[in-house]
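Asker:
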Amino acid sequence: MPATKLAREFYARATLTVARELIGMHLVHQNSHGRQVGRIVETEAYQGPKDLAAHSSRGRTERTEVMFGPGGFSYVYLIYGMWDCMNVVTATVDVPQAVLIRALEPISGITRTTHGPGLLCRALGIDRRMSGVDLTGQVLWIERPGDYRPPRLARATRIGVDYAGAWAAKPWRFFDQDSPYVSTVSAARRRQALAKALNSAPPHSPGPLPPAPLP
DNA sequence: GGCACGATTGCT
DNA sequence: GCAATCGTGCCT
Numbered sequence: 044m045p046a047t048k049l050a051r052e053f054y055a056r057a058t059l060t061v062a063r064e065l066i067g068m069h070l071v072h073q074n075s076h077g078r079q080v081g082r083i084v085e086t087e088a089y090q091g092p093k094d095l096a097a098h099s100s101r102g103r104t105e106r107t108e109v110m111f112g113p114g115g116f117s118y119v120y121l122i123y124g125m126w127d128c129m130n131v132v133t134a135t136v137d138v139p140q141a142v143l144i145r146a147l148e149p150i151s152g153i154t155r156t157t158h159g160p161g162l163l164c165r166a167l168g169i170d171r172r173m174s175g176v177d178l179t180g181q182v183l184w185i186e187r188p189g190d191y192r193p194p195r196l197a198r199a200t201r202i203g204v205d206y207a208g209a210w211a212a213k214p215w216r217f218f219d220q221d222s223p224y225v226s227t228v229s230a231a232r233r234r235q236a237l238a239k240a241l242n243s244a245p246p247h248s249p250g251p252l253p254p255a256p257l258p
């Protein structure tokens, strides 16, 4: 079964549904350097404007404008002056909601770590110049892989939103509970899981290098 | 024009 | 535990 690029209709739905169903899909960046592909293993839903953790809760600005448009576009912003983070806009016009892509499992063309929202953007060369890109186009998109299997899902509270009062308690983070690439998994556990996945030697002897070297 | 702060990461 | 580092939003 061939991979299928997700269409506008996929994104134009309830944000929690999109956040959940994105787990296991492949994020693809196509440019002059070739094609980079990662499997989405962790997401967070941001349900503005009521959700005080969502950027769109503080009104419509030049930066957040794309979230007020139709679903299926990218929203990329800079955090802490250093890191770009990529979201997919969900729902419909005037419903400013989005899903943050928090972690990827490297599939192909990826040479840096992807177990965090800033890291995955660095690894795939995504920055805020790519905010507003149509995800049904030819540069940046998400597809259902030919070998897609529904992952075992877990959910938890979102990371880094303690300031958002009651909204911080919402279990709006979704992740593949079997993936060692989820952002909150420790580096040690990630290495351990990788070694096991690669069917390699016991913990204290050197095994083959993982596809994406870890720090 | 100034200023406080953050949907993070990496090193101690 | 905490520094790095700067755009954004909001104030004057």
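Residue numbers (my numbering): 44 to 258.
Yeah, the Cβ is synthetic: ideal placement off N, Cα and C, and Gly gets one too.
1. Can you check the stretch 85 to 169 for any alpha helix (DSSP H) of at least 4 residues that lies completely inside it and give the ranges in chain order?
2. Counting C-beta neighbours from all protein chains within 10 Å, is the total for P92 16 or more, i.e. buried, or is it exposed?
3. Relative to the C-alpha of I202, which candidate in E87, D137 and W184 has its C-alpha closest?
4. Identify which residue in G208, L183, V225 and K213 has its Cα closest to the Cα of P194.
5. Is the stretch 102 to 110 close to the stretch 204 to 218, with three or more CB pairs under 8 Å?
6. So T154 and T58 are in contact, right, with Cβ under 8 Å, and what is the actual spacing, rounded?
7. In its own chain, which residues sit with a C-beta less than 6 Å from the C-beta of K48, not counting the 5 before and 5 after it?
8. Between H76 and L121, what straight-line distance do the alpha-carbon atoms span, to the nearest angstrom?
9. Whose C-alpha, out of D137, Y118, V138 and V136, is nearest the C-alpha of M129?
10. If I follow the unbroken beta strand (DSSP E) through A238, where does it start and stop?
11. Taking the alpha-carbon positions, what's the P223 to T179 distance?
12. Please work out which residues of its chain come closer than 6 Å, Cβ to Cβ, to R78, disregarding the five sequence neighbours upstream and downstream, and give them in chain order.
13. Classify S229: buried if its beta carbon has 16 or more other beta carbons within 10 angstroms, exposed otherwise.
14. Quickly, what does DSSP pair G81 with across the bridge? List them, please.
15. Would you kindly check if the distance between the Cβ of A55 and the Cβ of P113 is under 8 Å?
16. Within 10 Å of its beta-carbon, does M173 have 16 or more other beta-carbons around it, so buried, or fewer, so exposed?
17. Looking only at its own chain, which residues have a Cβ that is under 8 Å from the Cβ of V71, when we skip the five neighbours before and after it?
18. Assign W210 to one of three DSSP states: helix, strand, or coil.
19. Can you tell me which of A97, F116, D127 and A212 puts its alpha carbon nearest to the alpha carbon of G161?
20. Helix, strand or coil for R56? Go by DSSP, reduced to three states.
21. Could you tell me whether the Cβ atoms of Y324 and Q140 are closer together than 8 Å?
22. Output needed for V196: all residues of its chain with C-beta closer than 8 Å, excluding positions within five of it in sequence on either side, in chain order.
Answerer: Taking the coordinates as given:
1. 160 to 167
2. buried
3. E87
4. V225
5. no
6. So it is not a contact: roughly 32 Å between Cβ atoms.
7. W184 and E186
8. 23 Å
9. Y118
10. Per DSSP, A238 belongs to no beta strand (DSSP E); it is in the alpha helix (DSSP H), A230 to A240.
11. 29 Å
12. G152
13. exposed
14. L70 and P149
15. yes
16. buried
17. R78, Q79, V80, L183, W184, I185 and E186
18. helix
19. D127
20. coil
21. This structure cannot settle anything about residue 324, because the visible part of the chain is limited to 44 through 258.
22. Reading off the sequence shown, one finds Leu at residue 196, where the question assumed Val. Counting only Cβ-Cβ distances below 8 Å, and skipping sequence neighbours, we find R63, I66, F217, F218, D219 and Q220.
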